[in-house]
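**Q**
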Ligand SMILES: *Cc1c(COP(=O)(O)O)cnc(C)c1O
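Numbering (the numbering used here), first residue to last: 1 to 352.
Here is the structure:
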């Protein structure tokens, strides 16, 4: 039990506006914050009630399905602090819907959209002092849904845990203003009829090797091709890709192997609203090499221009900088997120 004096110190500390973080040094490594949200339910039942608990380690049986068969999915969204100090989320219901789809694919119960959004709001509010000052970054929110009950065979767990933790973050690709990407020729990320279209935890460790090798060679990330033909562009390790040719912006169509990004969807709407022609289609790697501009989108990366792509030893460079399409789309998206541009679509949600 904490003594009264410790509790007082703790409360005093927590009432301060900002946590003790060097906001200018934020990258994308986890920084523990004050609270996490935890909610459990049994197989065949619905999630009912969860609660905030101090951030810390969790206990699991060694035979929990998350540890043995990878029965788990995650989400990722951000909370932003505006100039007027209000804290907002960006389209959190979209993450809830995607988690529900993923949960069905992985045979798990999922929280309702309302439960999900409410839990995210509670977690962000409880960790408010960790939301960086405007312009310094954002509070990354990581919801997890996992089989926490025991099973040794290839069967779903008898118990599930929904957990949300947060971390202040800055740039995902630290130091890389525009990305140097290599097309991955050996490893594939997702197969037709597989689980590439959901944020299953089992989709990520298998690409560590490709990403690590690319980084060793000095690249920012890899671009995956489709597993069936090895000829068409899919996406990067944690973000979707767009190519620009003239007034046409194209992005790979969602055929089950690409993660349906909330940022992807929002950028398509912003681009249409800005009078670009947008195509969701199969994109052969030749079209990529012939593009004027390439950029990628995701909650972690926001909108990031790609400066070069290397494929079969050949390097192609693209337009980047202030006059680029990706810069314009970035400015509009972040303008809406930060409240500098009118949110006509009703995408932003205030937490308190
Ligand atoms: C999460 C993710 C994205 C981006 O999705 P957003 O909803 O925009 O954050 C893209 N590709 C992969 C593989 C992802 O895991």
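The beta-carbon is built from N, C-alpha and C at its ideal position, and this holds for glycine as well.
State whether the segment 87-106 contacts the segment 172-182, with contact taken as three or more CB pairs (one from each stretch) at a distance under 8 Å.
**A** The answer is no - the segment 172-182 does not touch the segment 87-106, with fewer than three Cβ pairs under 8 Å.
**Q** What residue ranges within the segment 168-226 form continuous beta strand (DSSP E) runs of no fewer than 3 residues, ordered along the chain?
**A** Within the segment 168-226, the complete beta strand (DSSP E) runs of at least 3 residues are 179-183 and 221-225.
**Q** Our contact map puts residue 286 next to residue 326 with C-beta atoms below 8 Å; I'd like the distance itself, whole angstroms only.
**A** About 21 Å separates the two Cβ atoms, so there is no contact after all.
**Q** If I measure Cβ to Cβ from residue 27 and keep anything under 6 Å in the same chain, skipping five residues before and after, which residues do I get?
**A** Only 170 and 174 meet the Cβ criterion.
**Q** Provide the residue span of the beta strand (DSSP E) that contains residue 252, from first to last.
**A** First-last of the beta strand (DSSP E) with residue 252: 248-252.
**Q** Does the distance from the C-beta atom of residue 208 to that of residue 115 stay below 8 Å?
**A** No.
**Q** Hey, would you say residue 37 sits closer than 8 Å to residue 123, going by beta carbons?
**A** Taking 8 Å as the Cβ cut-off, residue 37 and residue 123 qualify as a contacting pair.
**Q** Taking buried to mean at least 16 other C-beta atoms within 10 Å of its own C-beta, is residue 108 buried or exposed?
**A** It counts as buried.
**Q** Considering only heavy atoms of ligand 1, does any lie closer than 7 Å to the CB of residue 256?
**A** The answer is no for residue 256.
**Q** Please state whether the Cβ-Cβ distance between residue 87 and residue 131 is less than 8 Å.
**A** Taking 8 Å as the Cβ cut-off, residue 87 and residue 131 qualify as a contacting pair.
**Q** Nearest to residue 21 by CA position, among 137, 120 and 257, is which residue?
**A** Looking at the Cα atoms, 137 is the closest of the given residues.
**Q** Going by other Cβ atoms of all chains shown within 10 Å of its Cβ, with 16 needed for buried, is residue 351 buried or exposed?
**A** That one is buried.
**Q** What number of angstroms, rounded off, separates the C-alpha of residue 333 from the C-alpha of residue 90?
**A** Looking at the two C-alpha atoms, the distance is approximately 10 Å.
**Q** Whose C-alpha, out of 331, 315 and 73, is nearest the C-alpha of residue 322?
**A** Nearest option by C-alpha distance: 331.
**Q** DSSP three-state call for residue 2: helix, strand or coil?
**A** Since pLDDT at residue 2 reaches only 40, below the 50 mark, its modelled position is unreliable, and the value read off the structure follows with that caveat. In this structure, residue 2 counts as coil in the three-state DSSP scheme.
**Q** Give me whichever residues DSSP pairs with residue 88 in a beta bridge.
**A** DSSP, once it has assigned bridges, lists 80 and 350 as partnering residue 88.
**Q** Using 8 Å as the threshold, is the segment 272-289 in touch with the segment 241-255, meaning 3 or more CB pairs across them?
**A** Taking 8 Å as the limit for Cβ pairs, the verdict is that the segment 241-255 does touch the segment 272-289.
**Q** Please report the distance separating the alpha-carbon of residue 268 from that of residue 54.
**A** One C-alpha to the other measures close to 39 Å.
**Q** Assuming residue 150 and residue 61 form a contact by the criterion Cβ under 8 Å, report the distance between their Cβ atoms to the nearest whole angstrom.
**A** About 5 Å; that satisfies the 8 Å criterion.
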